[in-house]
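Printed below as a string of structure tokens:
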């Protein structure tokens, strides 16, 4: 694959496209049913917008030529990584997918309850951040990185583990009751991903030799491609965590609600 034919290199693997299309269809069906209910909150439009943006980003990252290009360039691989762990997951959480997809499947939200799940998962921001961080670092260990590129099963493990951990992480960041724990989790995540980005940027040699040939095909040296990948993780990805922390903390301080009030905040367990 080279610059001349990259735009024809779409990835249509059923293991990716079928779940994505199924989610989009069920969400759309649920959103339409909810829109006909006069008792539904006005937030539905914002939730549907978030869902549309999330599905679009996932399609770009996993179906468009960017997916194939991510196997050739470390910098594009990092763009895909940012979409999968820091852009699409928070949008999915904001879209209230459990409720809307449940309505799409069952026709009613009455049988859908997240109370037990909320206590078990939502109020664990530090644990979620720990799992999220461990996976991010693990999948950037050169041996694991290479396995994810050359083995279909390892690639699915890479995608699945990161998406699940990212959904847990962002659910806690956006739904947990302890604003302090959320802010700490986001800031620690910004620091350690920034450190990983700096390591990639300033490493004196290519850490991922498997990407070297692809970089040269597209006019980069392997070290230049790796440096660009490191900068993408270090700066834009770090800004997502920082801005998220600022927004969440400011909302908790200046517009407290029953779920995000300092008086009712509980520490991470």
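Numbering (the working numbering), first residue to last: 27 to 295.
For each residue, glycine too, the CB sits at the ideal point set by N, CA and C.
Return the residue from the list the options that minimises the CA-CA distance to residue i.
i: residue 279; options: 234, 168 and 203; result: 203
i: residue 124; options: 219, 256, 217 and 197; result: 197
i: residue 84; options: 109, 97 and 65; result: 109
i: residue 46; options: 80, 152, 166 and 244; result: 80
i: residue 249; options: 264, 232, 184 and 255; result: 232
i: residue 121; options: 154, 103 and 73; result: 73
Is it buried or exposed, residue i, if we count other Cβ atoms within 10 angstroms and call 16 or more buried?
i: residue 251; result: buried
i: residue 137; result: Bear in mind that a pLDDT of 49 at residue 137, under 50, signals an unreliable position, so the number given afterwards is only what the model happens to contain. With fewer than 16 Cβ atoms within 10 Å of its Cβ, residue 137 is classed as exposed.
i: residue 24; result: A question about residue 24 goes unanswered here, because the residues of the chain that appear run from 27 up to 295.
i: residue 261; result: exposed
i: residue 41; result: exposed
i: residue 299; result: Residue 299 cannot be examined here, being either before or after the span of the chain that is shown, 27 to 295.
i: residue 65; result: exposed
i: residue 30; result: exposed
i: residue 265; result: exposed
i: residue 102; result: buried
i: residue 97; result: buried
How close, in whole Å, do the beta carbons of residue i and residue j come, if the pair is a contact with beta carbons under 8 Å?
i: residue 111; j: residue 160; result: 13 Å between Cβ atoms; not a contact.
i: residue 241; j: residue 99; result: 6 Å
i: residue 105; j: residue 205; result: About 31 Å; that fails the 8 Å criterion.
i: residue 89; j: residue 200; result: That belief does not hold up - the Cβ atoms of residue 89 and residue 200 are roughly 26 Å apart, past 8 Å.
i: residue 215; j: residue 158; result: 7 Å
I want to check one thing, is the minimum distance from the CB of residue i to the heavy atoms of the ligand HEM below 7 Å?
i: residue 240; result: You won't find the ligand HEM in this model; it holds no ligand whatsoever.
For this session: Flag this pair as touching only if the segment 103-119 and the segment 62-71 have three or more C-beta atom pairs under 8 Å; answer yes or no.
Result: Verdict: no, contact absent.
Problem set entry | Segment contact, 8 Å Cβ cut-off, at least three pairs: the segment 205-218 with the segment 233-241 | Flag = no, the segment 205-218 and the segment 233-241 do not touch.
Problem set entry | Cβ contact check for the segment 46-63 and the segment 120-131: 3 or more pairs under 8 Å | yes
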